[in-house]
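All remarks here apply to the structure that follows.
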Amino acid sequence: MAFASPANDYVERTLSPVTMFTTNESRIVETSSGFAVIEPVSRLVQGQVLLILSGGRTQFARVMGKSLIFDDGETMEGSAAEEVEVMGRVTFFINSTDADDDSPV
Numbered sequence: 238m239a240f241a242s243p244a245n246d247y248v249e250r251t252l253s254p255v256t257m258f259t260t261n262e263s264r265i266v267e268t269s270s271g272f273a274v275i276e277p278v279s280r281l282v283q284g285q286v287l288l289i290l291s292g293g294r295t296q297f298a299r300v301m302g303k304s305l306i307f308d309d310g311e312t313m314e315g316s317a318a319e320e321v322e323v324m325g326r327v328t329f330f331i332n333s334t335d336a337d338d339d340s341p342v
């Protein structure tokens, strides 16, 4: 008969962005600098960051007034902004620490 190890009571799951930052409505999107946690949008609020689909590309944009401001500084407003599909709002950006760093410590 095998002895059941008491160490099994202390085994922890590996931490991941999915287990730490998501709810049942959240999605994780991988970005060039890490991850973004996206949740559904019920209404637009000034200053919130959105994940949008425009021209076949997904981009992050901030709501400012009646326009969208992208991270590269471009703006979209008026009829062009009406053609954008909002995929969700960003609740967290998670920066990756796995990137190769050429700067020695």
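Be aware that the sequence shown starts at 238, since it is given in my numbering, and climbs by one per residue. Glycine residues also receive a C-beta, built at the ideal position from the N, C-alpha and C atoms.
- Annotation for A273: V266, V327 and F330 place their beta carbon closer than 6 angstroms to its own, counting only its chain and skipping 5 residues before and after.
- Each residue's CA atom was taken as its position, placing S291 and M257 some 30 angstroms apart.
- The three-state secondary structure of V327, taken from DSSP, is strand.
- Boundaries of the alpha helix (DSSP H) harbouring A318: S316 to E319, taken from the DSSP string.
- Excluding the 5 residues flanking it on each side, G271 has same chain C-beta neighbours closer than 8 angstroms at F330, I331, N332 and S333, in chain order.
- In this model, G310 and M324 are separated by some 20 angstroms (Cα to Cα).
- Across the set Q283, A241 and M313, the C-alpha of M313 shows the shortest separation from the C-alpha of Q296.
- Beta-carbon to beta-carbon, G315 and V300 are separated by about 14 angstroms, too far to satisfy the 8 angstroms threshold.
- Membership of V300 in the beta strand (DSSP E) is indicated by the continuous run R294 to M301.
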